[in-house]
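In what follows, a single structure is set out as structure tokens and then discussed.
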Amino acid sequence: MSDKLLPLSHCLSIQRSTDTLIAYHAGQYYSAGQFTSAVKFWVDKLQAQPYRHYALYTEDAYPFAVLLFALLHAGKQIWIPGNNRPGTAEQLAQDCQLLGDWHSGENFDYCLDASASSNRSLSPLNPLGKQLVIFTSGSTGQAKPIAKCLNQFQLEIATLEEHWGEQLGDAEALATVSHQHIYGLLFRVLWPLSAGRCFHSQAYINPEILVNAIQQGSAYWVASPAHLKRLDQQSPWDGISDLKAIFSSGGALPENAAQQIFSSSGQAVIEVYGSSETGGIAWRQQEKAWTLFSGVRLSCIDDKWLLHSPYLQIPPSPPFSKGGDEKPSVVAKENSPVFSKEESSPLPRKSPLPFSKGGDERSSFVEKEESPIFNKEESSPLLRKSPLPFSKGEDERFSFVEKEESPIFSKEEFSPLPRKYLSPLEKGGAGGGIQLDDQITLLDDGRFMLNGRSDRIVKIEEKRLSLVELEQHLMAEPWIDDAHALVMTKSRDVVAAVVMLSRQGLEQLKTQGRNRLIRQLRETLGQWFESVVLPRKWLFVNTIPLTSQGKIDRQLLTSLLDFDNRKLPQVLNLETAPDSVRLGLRVPEDLVYFPDHFSDFPILPGVVQLAWVEHFGKLFFVIDKPFSYMEVIKFVQIIQPGEELTLVLDWKSVLGKLYFNFSSVRGAHSSGRMVYEGNG
1 MSDKLLPLSH
11 CLSIQRSTDT
21 LIAYHAGQYY
31 SAGQFTSAVK
41 FWVDKLQAQP
51 YRHYALYTED
61 AYPFAVLLFA
71 LLHAGKQIWI
81 PGNNRPGTAE
91 QLAQDCQLLG
101 DWHSGENFDY
111 CLDASASSNR
121 SLSPLNPLGK
131 QLVIFTSGST
141 GQAKPIAKCL
151 NQFQLEIATL
161 EEHWGEQLGD
171 AEALATVSHQ
181 HIYGLLFRVL
191 WPLSAGRCFH
201 SQAYINPEIL
211 VNAIQQGSAY
221 WVASPAHLKR
231 LDQQSPWDGI
241 SDLKAIFSSG
251 GALPENAAQQ
261 IFSSSGQAVI
271 EVYGSSETGG
281 IAWRQQEKAW
291 TLFSGVRLSC
301 IDDKWLLHSP
311 YLQIPPSPPF
321 SKGGDEKPSV
331 VAKENSPVFS
341 KEESSPLPRK
351 SPLPFSKGGD
361 ERSSFVEKEE
371 SPIFNKEESS
381 PLLRKSPLPF
391 SKGEDERFSF
401 VEKEESPIFS
411 KEEFSPLPRK
421 YLSPLEKGGA
431 GGGIQLDDQI
441 TLLDDGRFML
451 NGRSDRIVKI
461 EEKRLSLVEL
471 EQHLMAEPWI
481 DDAHALVMTK
491 SRDVVAAVVM
501 LSRQGLEQLK
511 TQGRNRLIRQ
521 LRETLGQWFE
531 SVVLPRKWLF
541 VNTIPLTSQG
551 KIDRQLLTSL
561 LDFDNRKLPQ
571 VLNLETAPDS
581 VRLGLRVPED
591 LVYFPDHFSD
601 FPILPGVVQL
611 AWVEHFGKLF
621 FVIDKPFSYM
631 EVIKFVQIIQ
641 PGEELTLVLD
651 WKSVLGKLYF
661 NFSSVRGAHS
671 SGRMVYEGNG
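For the sequence shown, our numbering gives the first residue as 1, with consecutive numbering after it.
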């Protein structure tokens, strides 16, 4: 690793040694020279196309990096969605070209070993150009676009390198999170590219595979709480202990999980708190309290916390220059306590913040997730390019200026100064920051505690309920390892609880039965909550379902819990594994199919069983081919109203076949295979 950071805007125009290792992909290492050649090939190809907007999705990180920088150098707008599901593809295809792994069963040719036909040279990118649009679900579940520029990522990279660069050294980046999310994009692709570290292209979901994938030297792990919580006594602790660091983001890591990792491997997990919209805000390591990153400040006005961060701002001029007097962009008020930069942040900033001529205070544009500005001339959810806050007559300047002495800039030169010499945490003060949805408790030492998201305060029959508090009380029970609460909205709002039982809880479920266990849990919760807000829907799972970004899959949970009991069975429990799912179902007694089949002796029709198989199959697996035919279908025993069933589904994507088996305590009921067109 070089001790100097290479700007993302220059990482192809001012290249390190051509034999520098960039990535490990598909069993081989790729060098800086190969990376540049592949990017140039794609620049030629993309510039020959008339399209401006591209939705980029790849399963592996190295092809993503090649296509990302090719799109940037080709002057294209890049949308980075969180998944490549058919619905997402259909929606995005209305406004842009799909590039990468979008079509199931088709192998996209990344041309990673190709070279450009011309002797093209790549000029530096504009680090202030908002060419990247990242999508986040937000608090409402609706995907929202957030425009980003390279400069915002570079400022974060400088901070990360200052904190942990020396600790990582030349370690390779291994990850269990997707690069399609801002955390994975920054930590497993952009930071290594800028710092000169090699990153692994494949996501290693299994920790055993991850530690075995270390090819040479050392490595660090980019993980999420969801993956770290699953580590147990059989995990490869020897290999984990050899890692240079473990990073975690996407939610708070439970204290017991952090302690288990530390006691088993000696690794103190580095947790990062932030979001797609805000970037990194704070960090902690084996502690409950969080420490703000350098240059980040929080203020509280009317019980609402506001974030002030250099990552939200586009500097009006370079963060370093070749001379001249520079002033802080905001002057502390007379009545405000003034702190030195050492006091206002855990790490001092070394470069003065640029300031426009005349010394006037200027405000940067902050485009909030809730109110994206659309370019009306183009049919895309693209944030309009904001004018930079220059005084009249000034030319726009890039945030990074090329030095005559050296093509590579040191990490000190990237470091932004906090925009106010104020306490990083304060009550009152001027507004202008972005409002956070988190509940925060300020500590005397300048750190803070997170107490859950304020937007998870709901009303049930006019009674306020904190879903976070409900989850905490559930997880306090020895029967429960994990829990997630959500609200089902129909004619009336009801609370649903998704519960991951402990070994003790599974034993209780086996001996007492589901209904009695639920009654006991409701009685315990009744000590803290009014009966009207207690969960009315329950789902027992072997693990909380997650999206590819390591977030709780609320859409899937809603589909399972908010079902039409006139046509579908009630889902009682769920066990998931790769390409396999096991569902505990109860057949409703008032299904619309029973009266006609038959009135005196109702049974569940075979065609309805097949419809249920397809419904749940498409809910859990990516089945984007139309149904073709069935194989070896067997109906052994009838199914009657009120019966509890086990449905096992296995999806063989290569064959395009969905295997199913219905059974109960009475034995097998039906089984077979459903085949989908285009495979076989």
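Cβ coordinates follow ideal geometry from the N, Cα and C atoms, glycine included.
When secondary structure is reduced to three states using DSSP, Arg-516 falls in the helix class. The region 180-231 is shown to contain whole alpha helix (DSSP H) runs of 4 or more residues at 182-185, 191-195, 207-212 and 225-228, in chain order. In the three-state reduction of the DSSP assignment, Ala-252 falls in the coil class. Counting the other CB atoms within 10 Å of its CB gives Ile-134 a total of 16 or more, which places it among the buried residues. Taking the Cα of Asp-238 as reference, the smallest distance to any Cα among Ser-263, Ile-603, Pro-254 and Val-498 is reached at Ser-263. Within the model, the alpha-carbon separation for Gln-555 versus Asn-206 is close to 25 Å. Residue state for Arg-554 is assigned as helix, using DSSP reduced to three classes. In the displayed model, Glu-530 falls within coil according to three-state DSSP, outside both helix and strand. Here Gln-167 has Lys-244 and Ala-245 as same chain residues with Cβ atoms under 8 Å from its own Cβ, once five neighbours each way along the sequence are excluded.
Under the three-state reduction of DSSP output, Lys-463 falls in the strand class. Going by C-alpha positions, Gln-285 is about 19 Å away from Gly-184. Counting every other CB atom within 10 Å of its CB across the protein chains shown gives Met-449 a total below 16, marking it as exposed. Per DSSP, reduced to three states, the secondary structure at Lys-567 is coil, with no helix or strand assignment. Spanning the alpha carbons of Asp-303 and Asn-451 requires a straight line of approximately 14 Å. Spatial neighbours of Leu-525 in its own chain (CB-CB distance under 8 Å, excluding positions within 5 residues in sequence) are listed in chain order as Leu-470, His-473, Leu-474, Leu-534 and Pro-535. If you compare the alpha carbons of Pro-569, Lys-459 and Val-296 with that of Arg-492, the shortest gap goes to Lys-459.
Under DSSP, Trp-538 shares a beta bridge with Ala-497. Contact between Val-177 and Ala-114 is absent: CB atoms are separated by about 29 Å, not below the 8 Å threshold. Contact check for Ser-276 and Tyr-62: beta-carbon distance about 22 Å, past the 8 Å limit, so the pair fails to qualify. Going by DSSP, Phe-35 is part of the alpha helix (DSSP H) stretching over 32-47. Of Ile-434, Ser-670 and Leu-546, the smallest CA-CA separation from Pro-310 is found for Ile-434. With a threshold of 16 other beta carbon atoms within 10 Å, Asn-84 meets it and is buried. Counting C-beta atoms within 10 angstroms of its own C-beta, Trp-651 has 16 or more neighbours from the protein chains shown and is therefore classed as buried. The criterion of a C-beta distance shorter than 8 Å is not satisfied by Pro-81 and Tyr-51.
Nearest Cα to Pro-578 within the set Ser-235, Leu-21 and Ser-653: Ser-653. Note that the C-beta distance between Val-571 and Leu-539 is below 8 Å. Take Leu-509, set aside five residues on each side of it, and the residues of its chain with a beta-carbon closer than 8 Å to its own are Leu-501, Leu-517 and Phe-540, in chain order. Ser-454 carries a helical assignment under DSSP once its states are collapsed to helix, strand and coil. In the assembly as shown, Trp-528 is an exposed residue. Its beta-carbon has fewer than 16 other beta-carbons within 10 Å. Residue burial is scored here from C-beta neighbours: Tyr-629 has fewer than 16 other C-beta atoms within 10 angstroms and is therefore classed as exposed.
With contacts defined as CB atoms closer than 8 Å, Tyr-30 and Leu-150 fail to qualify as a contacting pair. CA-to-CA, the gap between Leu-174 and Glu-208 works out to about 12 Å.
Here the region 629-639 makes contact with the region 661-679; the two share three or more CB pairs at distances below 8 Å.
Contact between Ile-270 and Leu-228 is ruled out by a C-beta separation of about 11 Å, above the 8 Å threshold.
Between Gly-279 and Glu-156, the CB-CB gap stays under 8 Å. Around Ala-268, the same chain offers Phe-262, Gln-285 and Gln-286 as residues with beta carbons nearer than 6 Å, after the five sequence neighbours per side are excluded.
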